[in-house]
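Numbering (my numbering), first residue to last: 243 to 769.
Now the structure itself:
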């Protein structure tokens, strides 16, 4: 049976016709939850210096972000399977409850370790929010009408990227950093009520769904080991220590076992066959690198802006706008051009060059770098990220057949989120290590004391330090940020090399493009 007919017949027959008003009502609840999940990636950045000043735990700074993104990456694939088995609505509501519980507990945290643990709980819920919205949207709207409504969701990512730092900064300055998490609760409650009363999603009644529990467990083990390795090696433990060696062994063994399990189970949590397509595998690599660059920049740049340039938390959010606007603009330009010419390979190649140039420029910051100069560097960086972000998604979509689209997009999302998680951990280690070494060298015992208690100093108190200690802190933070962007520049070079190996294929829908609904879609035609 032709797969296109299957889509238009079997799937569309299962849709209940709804009015535009009914769809918008349901989507309002979905959009709120999607916004919450994406905001929590960026809202914490401007609040981090104050959080560290309040709770301590400078060495664990990166884990405030990493715990969230790692838990999101791991849980996304599992929530999708649970939705197949128990119904989209029930699992979606459950994920909102988990997310809100994590938000409340994070806001009440009394130590850095508590905050990291509860951020992980938030991430577990966020994974269900992201996959739930996409799955419900697919069930709610017939394929022929989907384009009219998906544009509303396309606005969520830039809104979250722009709004997160601003909201986080304003809340930190005018209330308490804890409200950056408490604010989720009333919004989440509105989403629960909206979804509960307006969404009618049928429970799956045909066929047996097998949950790949072993795959999920092994995925959690090797992904966690990888992120811990990136976070601890060379900072908390020496590279040759038994702790790092044990982590490496655990990670390798779990990964090998994971691959073996995924090749044997009937419904793998991460289908490996999609990676047999060269372009899909390379696009996954680009997604990973984009996640690393985007999250690393947004997470640690506010440290420099607040502790060195003296910006408030609110202003540090505003100062990220020169990076965010070009990022969105570049993504829109790429989308328009690819829809006209049908080819895309050139954009990630250019993006790799521009991203690397932006990272190298950012690595040149000094204690006396002006905000105008920094804004110019950020514009270049933003364009680079934007030129890579859209192509990686389009290449992945064009590289898998229609029947594998869900699995392919799940794998691509996992890689991007893992890039965000691992990037935050690795770049956080670079930042704290260079900051600690510089403070100790510049200020001796006073610097060491500042590291153990004072670099946990609220930004508002920096001006109360003696002049020599202020200068040492400025130099230390600057050295830390320089290291972050040199490491990210290396990732940009890798992205450029990866892009060179992408085959220049026509996007599906153009006259000589390979058709993704055909069984032979994996064998793409080189244009």
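Backbone N, C-alpha and C define an ideal beta-carbon position, used for all residues, glycine too.
- Spanning the alpha carbons of residue 350 and residue 424 requires a straight line of approximately 9 Å.
- The stretch 588-600 and the stretch 540-548 do not touch, with fewer than three beta-carbon pairs separated by less than 8 Å.
- Its Cα nearest to that of residue 422, the residue 410 stands out among 723, 676, 410.
- With contacts defined by Cβ atoms closer than 8 Å, residue 653 and residue 498 do not form a contacting pair.
- Contact between residue 624 and residue 566 is confirmed by a C-beta separation of about 6 Å, below the 8 Å threshold.
- The shortest CA-to-CA distance from residue 528 to any of 465, 657, 402 is the one to 657.
- In the DSSP assignment, residue 716 falls within the alpha helix (DSSP H) that extends over 709-742.
- In the DSSP assignment, residue 292 falls within the alpha helix (DSSP H) that extends over 290-297.
- The beta carbon of residue 479 lies closer than 8 Å to those of 485, 486 in the same chain, with the five residues before and after it left out.
- Using a Cβ-Cβ distance cut-off of 8 Å, the stretch 728-744 and the stretch 666-678 are in contact, since at least three pairs of beta carbons, one from each stretch, lie closer than that value.
- Residue state for residue 602 is assigned as helix, using DSSP reduced to three classes.
- The criterion of a C-beta distance shorter than 8 Å is not satisfied by residue 289 and residue 362.
- As for any beta strand (DSSP E) of minimum length 3 sitting wholly inside the stretch 405-446, there is none.
- Distance from the Cα of residue 402 is smallest, within the candidate group 578, 605, 279, for 279.
- From the listed residues 272, 415, 523, 746, the smallest Cα separation to residue 585 is found for 746.
- Between residue 441 and residue 268 the beta-carbon gap is near 5 Å, inside 8 Å, which marks them as a contact.
- Annotation for residue 469: the continuous alpha helix (DSSP H) segment containing it runs 455-474.
- Membership of residue 706 in any alpha helix (DSSP H) is not indicated, and neither H nor E is assigned to it by DSSP.
- Rounded to whole angstroms, the separation of the alpha carbons of residue 281 and residue 708 is 37 Å.
- Rounded to whole angstroms, the separation of the alpha carbons of residue 323 and residue 342 is 22 Å.
- The alpha carbon of residue 733 has as its nearest neighbour, out of 606, 552, 536, the alpha carbon of 536.
- Shortest Cα-Cα distance from residue 714 to any of 609, 271, 329, 368 involves 609.
- Only residues of its own chain outside the window of five on either side were considered, and among them 323 have a CB closer than 6 Å to the CB of residue 453, listed in chain order.
- Three or more beta-carbon pairs drawn from the stretch 310-319 and the stretch 367-379 are found closer than 8 Å, and the two stretches are therefore classed as touching.
- Scanning its chain for C-beta atoms nearer than 7 Å, with the 5 sequence neighbours on each side dropped, one finds around residue 468 the residues 493, 664, in chain order.
- Secondary structure note for residue 633: its alpha helix (DSSP H) is the uninterrupted segment 613-640.
- Distance from the CA of residue 618 to the CA of residue 406, rounded to the nearest whole angstrom, comes to 21 Å.
- DSSP places residue 747 within a strand segment (E or B) once states are collapsed to three.
- About 7 Å separates the beta carbon of residue 571 from that of residue 628, a gap short enough to meet the 8 Å contact definition.
- Just so you know, the alpha carbons of residue 725 and residue 579 end up roughly 35 Å apart.
- In the DSSP assignment, residue 479 forms a beta bridge with 475.
- If the five residues before and after residue 354 are omitted, its C-beta is found closer than 7 Å to the C-beta atoms of 297, 298, 299, 302, all from its own chain and listed in chain order.
- Straight-line measurement puts the Cα of residue 436 at about 8 Å from the Cα of residue 270.
- Residue 662 has its alpha-carbon roughly 21 Å from the corresponding atom of residue 514.
- Residue burial annotation: residue 474 is buried, with at least 16 other C-beta atoms found within 10 angstroms of its C-beta.
- Of the other Cβ atoms in all chains shown, fewer than 16 fall within 10 Å of the Cβ of residue 687; this residue is therefore exposed.
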